[in-house]
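Heads up: the sequence shown runs through residues 15 to 387, numbered per the working numbering.
The block underneath contains the structure these notes are about, expressed in structure tokens.
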Amino acid sequence: MTNRERLLTLLKGEIPDCVPVCPDISNMVPARLTGKPFWDIYLYQDPPLWKAYIEAVKYYNIDGGFELYEFGDLFNDELKSEQRIVHKNEERIITQDFYEDTGQWSKFVIVHTKDNPPATDVLPSQVDLPETPNTWEDVIPAKKWPAGMDLWKMIKKEMGEYGIVGMPSGVETLILKRPEDIYAYYDNPDKYFVIREQMIEKMENRLNNIASLKEKPDFLFCGASGSLVFQSPEVFRELVLPALKKVTKLAAEIGIPTHVHSCGPEKELVKMAAEETGLSIIDPLETHPMGDCDLAELKKLYGNKIILKGNLHTTKIMLYGTKEDVIRASQKAINDAGENGGFILSTGDQCGRDTPDENIFTMVETARTYGKY
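Written as structure tokens, this is what we have:
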């Protein structure tokens with residue numbers, strides 16, 4: 015099977031030739047492989063992150079796609095903004111979004127550095143800048159890339175048989191995104207229920223658009239990092255679960271699988287998703303101390319209801335472990351969750367920038383050999 019065939023077979027509920035393998039290399043590893051300063055990728059699109067990711071997928075021969083989500087505004091339903099440089103020196107470039115529709119600046123800045131992904135949601139005061147910039151300059155990309163559906167089609171063509179390509183559903187599993195949101199929610203919960211209903215409306219409009227597409231996505235993104243970090247399971251049930259139920263139902267009606275990524279504690283989220291929604295696949299199922307998931311337990315409880323994707327430790331095993339450590343951990347994960355399909359061998363969240371290439375290659379090779387069905 016090709017990488018794409020392998021994943022599509024799994025998403026149809028069938029058993030592929032071997033356990034698919036898709037370590038999370040969404041950002042840092044692809045950027046490192048370019049050999050360029052990270053701000054070239056994230057700010058100047060030279061190359062854009064999506065292209066760097068696809069090149070990394072091909073380099074490692076992984077079954078890719080679940081970590082490719084930078085598509086821009088596909089449905090013309092996002093606030094129009096322009097990233098502008100408000101500070102620059104040899105160590106960092108700081109940008110701030112200007113919203114064209116409202117004529118206002120974002121209350122946050124983005125700090126770009128040479129050797130790491132950008133820091134987002136940074137208050138200007140934290141980097142000694144005013145809330146509204148006094149001066150700024152345009153960001154001039156190295157190359158003008160397509161936008162909207164033209165970009166999505168280009169991405170899917172470049173991915174080819176190396177993987178699958180999704181689309182954002184409009185639903186995110188994280189509404190309380192910052193500590194101050196927790197206090198605001200308990201002070202005025204109705205405000206956040208309005209946000210939820212707006213999110214559902216946005217999702218319904220998107221799915222109507224997606225249903226009419228001649229070339230449909232292979233799956234839909236529905237997750238967000240850390241869904242149970244600032245949101246307790248009780249808050250998640252009240253605030254987010256109704257949206258997740260609805261999007262998975264509507265997506266199933268048009269034959270498109272749904273995917274949630276939610277790093278951090280996730281055991282209760284897996285339970286809700288498997289028992290109360292039509293979600294197709296969930297990751298990264300992190301182990302202690304970053305998460306609370308036991309892969310064998312989740313397979314036993316929910317393996318016949320939802321595809322599990324995880325969960326090699328990204329630091330202990332992938333970053334600092336030996337080749338033998340990776341083989342043992344990969345084999346254990348396959349033993350714990352690979353029986354009768356319904357499993358993708360992956361990592362417990364994103365691989366660090368300096369993860370040895372050998373460890374990623376070893377993980378792939380173990381899935382191809384030990385993971386054969």
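In this text, a Cβ means the ideal position worked out from N, Cα and C, and glycines have one as well.
Just so you know, these numbers come straight off a predicted model, no measurement behind them.
Checklist entry - Can Gly78 and Tyr176 be called in contact, C-beta distance under 8 angstroms? => result Locating residue 78 in the sequence shown gives position 64, where the first residue counts as 1. Locating residue 176 in the sequence shown gives position 162, where the first residue counts as 1. The Cβ atoms of Gly78 and Tyr176 lie closer than 8 angstroms to each other.
Checklist entry - Roughly how many whole angstroms lie between the Cα atoms of Ala45 and Pro51? => result Translated into positions along the sequence shown, residue 45 becomes position 31. Translated into positions along the sequence shown, residue 51 becomes position 37. Ala45 and Pro51: Cα-Cα distance of roughly 8 angstroms.
Checklist entry - According to DSSP, which residues form a beta bridge with Glu96? => result As a working mapping, residue 96 is identified with position 82 in the sequence shown. Beta-bridge pairing links Glu96 to Phe112.
Next on the checklist: Going by DSSP, what residue range makes up the beta strand (DSSP E) through Lys323?
Outcome noted: The residue given as residue 323 occupies position 309 in the sequence shown. Start and end: Ile321 to Leu326.
Checklist entry - From Asn373 to Lys337, what distance separates their C-alpha atoms? => result For the purposes of this step, residue 373 is taken as residue 359 along the sequence shown, with counting starting at 1. For the purposes of this step, residue 337 is taken as residue 323 along the sequence shown, with counting starting at 1. The straight-line gap from Cα to Cα measures roughly 6 angstroms.
Next on the checklist: Could you give the first and the last residue of the continuous beta strand (DSSP E) run that contains Phe207?
Outcome noted: In the sequence shown, the residue the question calls residue 207 occupies position 193. First-last for Phe207: Pro203 to Ala225, but that is the alpha helix (DSSP H), not the beta strand (DSSP E).
Checklist entry - In or out: Ile154 buried (at least 16 other Cβ within 10 Å) or exposed? => result Reading the sequence shown from its first residue, position 140 is the one you call residue 154. By the 10 Å Cβ count, Ile154 comes out exposed.
Checklist entry - Who pairs with Glu151 in a beta bridge, going by DSSP? => result Locating residue 151 in the sequence shown gives position 137, counting from the first residue. Note: Glu151 sits in a beta bridge opposite Ile99.
Next on the checklist: In the DSSP assignment, the beta strand (DSSP E) including Ile124 goes from what residue to what residue?
Outcome noted: As a position in the sequence shown, residue 124 is number 110, starting the count at 1. Following the DSSP letters along the chain, one finds Ile124 inside the beta strand (DSSP E) bounded by residues Gln118 to Thr127.
Checklist entry - Whose C-alpha, out of Asn223, Tyr199 and Lys386, is nearest the C-alpha of Phe244? => result Taking the sequence shown and counting its residues from 1, the one referred to as residue 244 is at position 230. Nearest C-alpha to Phe244: Tyr199.
Item to check | Start and end residues, alpha helix (DSSP H) containing Ser344 | outcome: Within the sequence shown, residue 344 is the residue found at index 330, counting from 1. First-last of the alpha helix (DSSP H) with Ser344: Lys337 to Ala351.
Next on the checklist: Using a 10 Å radius around the Cβ and a threshold of 16 neighbouring Cβ atoms, would you call His302 buried or exposed?
Outcome noted: Residue numbering aside, residue 302 sits at position 288 when the sequence shown is read from its first letter. His302 should be labelled exposed.
Checklist entry - Taking the runs of the alpha helix (DSSP H) that are 4 residues or longer, which of them lie wholly in the segment 41-103? => result Runs of the alpha helix (DSSP H) inside the segment 41-103: 42-48, 52-56 and 63-74.
Checklist entry - Does DSSP put Ala162 in a helix, in a strand, or in coil? => result By 1-based counting over the sequence shown, the position of residue 162 is 148. For clarity, residue 162 is Gly in the given sequence; the question names Ala instead. It is helical.
Checklist entry - What is the rounded straight-line gap between the Cα of Pro30 and the Cα of Gly355? => result The sequence position of residue 30 within the sequence shown is 16, counting from 1. The sequence position of residue 355 within the sequence shown is 341, counting from 1. Distance between the alpha carbons of Pro30 and Gly355 is about 7 angstroms.
Checklist entry - Roughly how many angstroms lie between the CA atoms of Leu312 and Thr116, to the nearest whole one? => result The residue given as residue 312 occupies position 298 in the sequence shown. The residue given as residue 116 occupies position 102 in the sequence shown. Roughly 46 angstroms separates the two Cα atoms.
Item to check | Boundaries of the alpha helix (DSSP H) in which Thr376 is found, first to last residue | outcome: Sequence index remark: in the sequence shown, residue 376 carries index 362 (1-based). Looking at the DSSP string, the run of the alpha helix (DSSP H) that includes Thr376 is Asp371 to Thr383.
Checklist entry - By a C-beta neighbour count over all protein chains shown, 10 Å radius and 16 as the cutoff for buried, is Lys323 buried or exposed? => result Taking the sequence shown and counting its residues from 1, one reaches residue 323 at position 309. Buried, by the Cβ-count rule.
Checklist entry - Would a C-beta distance cut-off of 8 angstroms place Ala266 and Gly237 closer than the cut-off? => result Position 252 of the sequence shown holds residue 266. Position 223 of the sequence shown holds residue 237. Contact: no.
Checklist entry - Hey, out of Lys386, Pro231, Lys171 and Val249, whose CA is closest to Asp204's CA? => result Numbered from 1 along the sequence shown, position 190 holds the residue referred to as residue 204. For Asp204, the nearest C-alpha among the options comes from Val249.
Checklist entry - DSSP three-state call for Tyr195: helix, strand or coil? => result Numbered from its first residue, the sequence shown carries residue 195 at position 181. The question names Tyr, yet the displayed sequence has Asp at residue 195. Reduced to three states, the DSSP call for Asp195 is helix.
Item to check | Opening and closing residue of the beta strand (DSSP E) in which Thr361 lies | outcome: Within the sequence shown, the letter at position 347 stands for residue 361. Here the beta strand (DSSP E) through Thr361 covers Phe357 to Thr361.
Next on the checklist: So, with DSSP's three-state summary, where would you put Arg106?
Outcome noted: The sequence position of residue 106 within the sequence shown is 92, counting from 1. In the structure shown, Arg106 sits in a strand (DSSP, three-state: E or B).
Item to check | Which of helix, strand or coil DSSP assigns to Pro427 | outcome: Past the edges of the chain, shown from 15 to 387, lies residue 427, and the structure says nothing about it.
Item to check | Inter-residue spacing [alpha-carbon to alpha-carbon] between Arg220 and Gly184 | outcome: Locating residue 220 in the sequence shown gives position 206, where the first residue counts as 1. Locating residue 184 in the sequence shown gives position 170, where the first residue counts as 1. Taking the straight line from one Cα to the other gives about 7 angstroms.
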